[in-house]
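Just so we're aligned: the sequence shown equals residues 8 to 580 in my numbering.
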Amino acid sequence: MEQATVENKTQLGHLLVSQGSVTESQVQEALTHQQETGHQKLLGEILVEMGYCTENDVAACLALCFDVPYAKVTPRLCDPKVMELLPREFMDEHGVLPLFRVHNMLTVAVCEPANLFQMDEIEQITGYKVQMVCATTKDIQATLRAYSPSASVFVVDDLIEEKQLDHFKVVENSVQDTGHLAEEASQHSVIELVNYILCDAVRNNASDIHIEPDENSLRIRYRVDGKLYEKMRPPHPMHAAIVSRLKIMAELDIAQRREAQEGSIRIRVDGHSIDMRLAVMPGNCGEKAAIRVVDPKKLLLSLESLGFTIENLNRVKQMIQAPHGLILVTGPAGNGKNTALHAMIAELNRDDINICTVEDPIVCNIVGINQFEVNTTQGGQFAHSLQQVLRQDPDVVMLSEIRDDETANLAVQSALTGTLVFSTLCTQDAPSAITRLMDHQVASYLTSDALIGILAQRLVRKICPNCKISHEPPRSVRRTIQEMGVEISAYYHGTGCKHCRHTGFAGRIALHELFIPDPAIKDSITNVTTASDLREAALQGGMQPLVLDGLEKVRAGLISVDEVLRSVQLKVD
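Below, the structure is given as structure tokens:
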């Protein structure tokens, strides 16, 4: 054994000389010093102390000597969970660092690859086969200092089950390497983790993914059925690499971390395409990333699948057959307004009609419809894009949102001059859309003439069918519902189970408030004074409010009464 060690030492010296790291005389000087000091230090250590070469030079040559890979170890290369496989005292004493585990093979960085007995000891302690790589003592110690064993960190292999990503694919273009950020983002563990997050979010029906750094932690949250819940907490040092990986996939500038950026990612999960809208914004603890999950299959729905009552469905179908006029869908952000618009124009889609859209951005492609995205790079906004589309001889125009005075007036004028115009507004109820148009400087008599109908909606969570049970609501709730003239024989809610993440809810359905003004109400629009007066006139004209539509769905056992009261903000005494 001693002879082999001497041969390896001599080989190390020859390799360092051949690499140009040291001279022959410097090696001889170091060997002499080693003999004089009783072999207390290794040859490489002595050469580094004398300033003749660097630790990296020695480690690279040691790797060649013992025919093992050389690794430049950093905290981001190490999977912190595997560090729990060895006692911290053992790692500090022997200068070893478990890097990652793939199935039954544990890769360990060492600074003394000659110590084969140490590898046997690691295999006995961990129970895994060990693959050795050579690294510098400095890098190993720096990485050990960066991490403390913690139950909050994890192994990517444990998170991603075998074959879980078999039907997942990222559709991406090649990008230029921009240095260490691209290198970190290209590490296998980072790529696997990001792929898992995107794939898992789609399979959990998440509408949004939030990647949120704190001072010492990193949180991943999904929005499912309108509510956020925490999915995982990866190691904080992985934050920059995760965000960089997402930027590469979205073709953004990974070196730019002081300005907000937006981009898109396309993936395939279980055979169909999913679009991801990535928005990255710098914060006080680093860049926060929000990802909107856009599944075309969920956007291209029929009117029948939107949760309308039979009466409202028939009225909507009749409303959208008008030859011209203005139809609005209203409600707070994130309540399915664009889904309803797409269902309406898909219902009208046929060969003898020219349907055009103005969207920001285009969320899904519809065969047979001409779709245009707002071109903000040339200073264009909705109004400019709408003007261009109106020159395309459209019968129907869908405008994804009315945001400003110019767009509002142009939409109303188009509706009055022969075009059927669909759009959205963010208002709390249907009649409030009329006063919102007035706020956009649209004359009330023009709104009255152009308006065909307004659909207000709220998305509420459906009861999970796997844990649905009947229950008795508080007496005050029953009394409030009876005062509305509604009789409900049985109430249901979800108790929570593994299928719904113990929330009691699974999926969402819309509550609707459909306002189709008759001639008398149109006169009220022309002479309107306040939003409350207009709402009162609409209710007297037969408009069914959101709460009553919700109670019909409670009666059908689809949603809980608490969910209705929450969504319409109805107080119960």
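The beta-carbon is built from N, C-alpha and C at its ideal position, and this holds for glycine as well.
Residue i burial status per 10 Å Cβ neighbour count (16 or more: buried)
{"i": "Ser-159", "result": "Bear in mind that a pLDDT of 36 at Ser-159, under 50, signals an unreliable position, so the number given afterwards is only what the model happens to contain. Counting Cβ neighbours within 10 Å, Ser-159 comes out exposed, since fewer than 16 surround it."}
{"i": "Val-374", "result": "exposed"}
{"i": "His-506", "result": "exposed"}
{"i": "His-509", "result": "exposed"}
{"i": "Ala-545", "result": "buried"}
{"i": "Phe-429", "result": "buried"}
{"i": "Ile-7", "result": "It is not possible to answer for residue 7, since the shown part of the chain is limited to 8 through 580."}
{"i": "Met-57", "result": "exposed"}
{"i": "Glu-31", "result": "exposed"}
Selection from the options that minimises the alpha carbon distance to residue i
{"i": "Asp-436", "options": "Ile-274, Lys-344, Ile-376", "result": "Lys-344"}
{"i": "Ile-472", "options": "Leu-565, His-40, Thr-426, Thr-533", "result": "In the sequence as displayed, the identity of residue 472 is Pro instead of Ile. Considering only alpha carbons, the answer is Leu-565."}
{"i": "Val-323", "options": "Leu-397, Ile-261, Ile-352, Ala-296", "result": "Ile-352"}
{"i": "Val-561", "options": "Asp-530, Ala-544, Leu-22, Ser-496", "result": "Ser-496"}
{"i": "Met-550", "options": "Ile-523, Gln-148, Lys-88", "result": "Ile-523"}
{"i": "Cys-504", "options": "Thr-144, Arg-482, Ile-476", "result": "Ile-476"}
{"i": "Val-404", "options": "Ile-327, Ala-544, Ala-149, Asp-74", "result": "Ile-327"}
{"i": "Asp-402", "options": "Arg-240, Thr-426, Arg-573, Met-57", "result": "Thr-426"}
{"i": "Gly-492", "options": "Leu-558, Thr-502, Ala-527, Asp-525", "result": "Leu-558"}
{"i": "Ala-66", "options": "Ala-142, Val-34, Pro-94", "result": "Ala-142"}
{"i": "Leu-84", "options": "Cys-72, Glu-36, Leu-50, Leu-151", "result": "Leu-151"}
{"i": "Gln-33", "options": "Asp-127, Gly-45, Gly-20", "result": "Gly-20"}
{"i": "Val-137", "options": "Thr-144, Phe-124, Ala-149, Gln-148", "result": "Phe-124"}
{"i": "Val-301", "options": "Ala-213, Gly-278, Asp-411, Pro-339", "result": "Ala-213"}
{"i": "Ser-224", "options": "Tyr-236, Thr-502, Pro-241", "result": "Pro-241"}
{"i": "Leu-104", "options": "Met-139, Gln-131, Ala-247", "result": "Met-139"}
Residues sharing a beta bridge with residue i, DSSP
{"i": "Asp-215", "result": "Arg-230, Arg-299"}
{"i": "Ile-476", "result": "His-500"}
{"i": "Arg-108", "result": "Leu-113"}
{"i": "His-519", "result": "Gln-464"}
{"i": "Gly-332", "result": "Leu-427"}
{"i": "Tyr-236", "result": "Tyr-229"}
{"i": "Thr-337", "result": "Leu-432, Ala-463"}
{"i": "Asn-291", "result": "Gly-293"}
{"i": "Ile-470", "result": "Phe-512"}
{"i": "Leu-84", "result": "Per DSSP, none; premise fails for Leu-84."}
{"i": "Met-90", "result": "DSSP lists no partner for Met-90."}
Backbone CA spacing between residue i and residue j [nearest angstrom]
{"i": "Gly-332", "j": "Ile-516", "result": "28 Å"}
{"i": "Asp-232", "j": "Leu-307", "result": "18 Å"}
{"i": "Ser-567", "j": "Pro-330", "result": "39 Å"}
{"i": "Met-90", "j": "Val-579", "result": "54 Å"}
{"i": "Thr-346", "j": "Tyr-499", "result": "28 Å"}
{"i": "His-217", "j": "Lys-469", "result": "23 Å"}
{"i": "His-101", "j": "Pro-120", "result": "11 Å"}
{"i": "Ile-281", "j": "Ile-129", "result": "44 Å"}
{"i": "Arg-210", "j": "Met-239", "result": "16 Å"}
{"i": "Val-661", "j": "Leu-92", "result": "There is simply no residue 661 to check, as the chain begins at 8 and stops at 580 in what is shown."}
{"i": "Val-115", "j": "Met-126", "result": "9 Å"}
{"i": "Tyr-452", "j": "Thr-533", "result": "5 Å"}
{"i": "Thr-442", "j": "Ala-422", "result": "18 Å"}
{"i": "Leu-205", "j": "Gly-514", "result": "19 Å"}
{"i": "Val-29", "j": "Ala-296", "result": "48 Å"}
Close beta carbons around residue i, own chain, < 8 Å, minus the five adjacent residues each side
{"i": "Asn-342", "result": "Gln-464, Arg-465, Leu-466, Ala-517"}
{"i": "Val-201", "result": "Ile-249, Arg-252, Leu-253, Met-256"}
Neighbourhood of residue i by C-beta, 7 Å cutoff - its chain only, sequence neighbours within 5 removed
{"i": "Gly-314", "result": "Ile-516, Ala-517"}
{"i": "Arg-486", "result": "none"}
{"i": "Ile-53", "result": "Ala-37, His-40, Gln-41"}
Contacts around residue i, its chain only, beta-carbon distance under 6 Å, and the 5 residues preceding and following it disregarded
{"i": "Tyr-135", "result": "Asn-111, Leu-113"}
{"i": "Ser-439", "result": "Ala-538"}
{"i": "Asp-146", "result": "Val-80"}
{"i": "His-349", "result": "Leu-306"}
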